[in-house]
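Each position in the sequence shown, counted from 1, maps to that position plus 82 in my numbering.
Every residue, glycine too, gets a C-beta built ideally from N, C-alpha and C.
Given the structure is predicted, the values throughout are model-derived calculations rather than measurements.
Report on the following structure.
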Amino acid sequence: MNAPDAERLVLGIETSCDETAAAVVRGGRTVLSNVIASQHDLHSEYRGVVPEIASRAHAERVLPVVRRALAEAGVDLRGVHAVAVGNRPGLIGSLLVGVGAAKGLAWALGVPVVGVDHVQAHLVAGCIGPAGAEPAPVRWPALGLVASGGHTSMYVCGSPTRAVRIGATIDDAVGEAYDKVATILGLPFPGGPELDRLAQTGRAHRPGFPLARIAPDSLDFSFSGLKTAALYAFCGVPESPQARARREARGEPEHGPTMNAADVAATFQEAAVSAVVLKVQRALDRRPDCRALLVGGGVSANSLLRQRLLALGEARGVEVRLPRMEYCLDNAAMVAALGHAILAARDWRGDDWSMTASPSTAFCAGPSGTGAP
Ligand code: KG4
Ligand code: ZN
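Listed below in structure tokens is the structure:
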């Protein structure tokens, strides 16, 4: 393998949840193709991802999706220099389909295979682009924010491959809260984008839903209280028969619904986004050496979050790396990009063939995580 790093082609494969995705990325930053086969239609009647259905759909789709990614990139399979696969965290059956495909292809081609962390891959989504539109290299160290359906965390990143987690949600991920509130409001699955759209037609009530006060200086997040506030505002406060009798004896009216769906959406969105931006502000205060903010995960597609983070970056002189819309949700281009960075840092030595899938992340569980920047 004697192509220079900037010319090497990495085939990325992503199957951690309900998107079967494959991509070809050149030099770790130029996306030649980015194919995503979503399974939303298969899971919508259950209002959540059904693991067994997801694994079967990945098994049917993974090779056709890889073939399409190669064809769209105009690349022959034998021209691929390495295969990267998201092997953690996620649904174990789904991950195993991608890992099996990646190892089989790499073995047959005689090229290295590398398993990458899906959450860490979201952090590089703002560093890639199609040919001619690649973002400039990032200035390290950078602050990282992953806001997705499974994770809401912040990191200090020394490079694409080295990060230390400095904050995380203590209950729901922000995307999960979006999806649950969308269900309360009767919106179709997955609810995040639908709620985002509905919020734009509503009015955020003042003072609004309460922000969780974990500790005055904490960088952790909490979204489960917001979900309850949305439920009570839209459906009313549930009451036991005893509480009802006491209230009626006092002659007080019942605590019924106080907001329509659009206003709940707008009020929830305002509170959820404000909570995220507040913690990013705190992290920037604490780490003035970070002159860039890397953002990733499905919720980085949110209109209000994008707007507020850009405004914060402008006010602080911090470069905000929002991914292009096609790299916000789960995709394999970010997996290939991170795989390239990992392989380049270790002279293109692949993982051992015993590399396998894991449902949990091993990525920077704390200051003792995978390498302080
Ligand atoms: O990163 P992702 O595709 O999967 C995980 O790794 O979890 O994120 C999916 C999440 C879902 O919760 C989805 O509702 C949310 O991202 N999402 C949004 C928007 N688009 C997707 N949430 C709020 N506003 C959006 N526009
Ligand atoms: Zn994701």
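{"query": "Inter-stretch contact at 8 Å, needing at least 3 Cβ pairs: the stretch 101 to 113 / the stretch 409 to 429", "result": "yes"}
{"query": "Beta-bridge partners of Tyr237, as assigned by DSSP", "result": "Gly226 and Arg247"}
{"query": "CB contact below 7 Å: Val228 versus chain B", "result": "Protein chains in the displayed structure number just one, and chain B is not present."}
{"query": "Short Cβ contact (7 Å threshold) for Arg403 with Val355", "result": "no"}
{"query": "Spatially closest choice to Met407 from Glu401, Ala426, Leu394 and Val381, by CA coordinates", "result": "Val381"}
{"query": "Phe303 - DSSP class collapsed to helix/strand/coil", "result": "strand"}
{"query": "CA-to-CA distance, Cys317 to Leu376, given in whole angstroms", "result": "37 Å"}
{"query": "Distance cut-off 6 Å: Ser230 Cβ against heavy atoms of ligand 2", "result": "yes"}
{"query": "Beta-carbon proximity of Ala343 to Leu267, cut-off 7 Å", "result": "yes"}
{"query": "Exposed unless 16 or more other CB atoms sit within 10 angstroms - verdict on Pro159", "result": "The sequence given here has Leu at residue 159, not Pro. Counting Cβ neighbours within 10 Å, Leu159 comes out exposed, since fewer than 16 surround it."}
{"query": "Where the alpha helix (DSSP H) through Leu177 begins and ends", "result": "Ile174 to Leu191"}
{"query": "Host beta strand (DSSP E) of Gly168 (start-end)", "result": "Ala164 to Arg170"}
{"query": "Member of Ala141, Phe305, Gly273 and Leu392 whose CA lies at the smallest distance from the CA of Glu127", "result": "Gly273"}
{"query": "N- and C-terminal bounds of the beta strand (DSSP E) containing Glu101", "result": "Glu101 to Arg108"}
{"query": "Closest residue to Ser98 among Arg129, Asn84 and His140 (Cα-Cα distance)", "result": "His140"}
{"query": "Residues bridged to Arg520 [DSSP beta-bridge criterion]", "result": "Since the displayed the chain opens at 83 and closes at 455, residue 520 lies outside it and no answer follows."}
{"query": "Of the listed residues Trp435, Trp430, Asp434 and Ser436, nearest to Val162 (C-alpha basis)", "result": "Trp430"}
{"query": "Euclidean distance between Cα positions of Thr265 and Gly156", "result": "41 Å"}
{"query": "Cross-strand partners of Asn84 (DSSP beta bridge)", "result": "According to DSSP, Asn84 bridges with nothing at all."}
{"query": "Cross-strand partners of Asp199 (DSSP beta bridge)", "result": "Arg170"}
{"query": "Residue of Leu386, Val92 and Thr349 minimising C-alpha distance to Ala315", "result": "Thr349"}
{"query": "Check: Asn384 C-beta below 6 Å from any heavy atom of ligand 3", "result": "Ligand 3 is absent from the structure shown, which contains only ligand 1 and ligand 2."}
{"query": "Of the residues Val238, Ser442 and Gly232, the one placed nearest Trp222, counting alpha carbons only", "result": "Val238"}
{"query": "Cβ-heavy atom distance, Asp412 to ligand 2, below 6 Å", "result": "yes"}
{"query": "Cβ contact (3+ pairs, closer than 8 Å) linking the stretch 289 to 305 and the stretch 317 to 326", "result": "no"}
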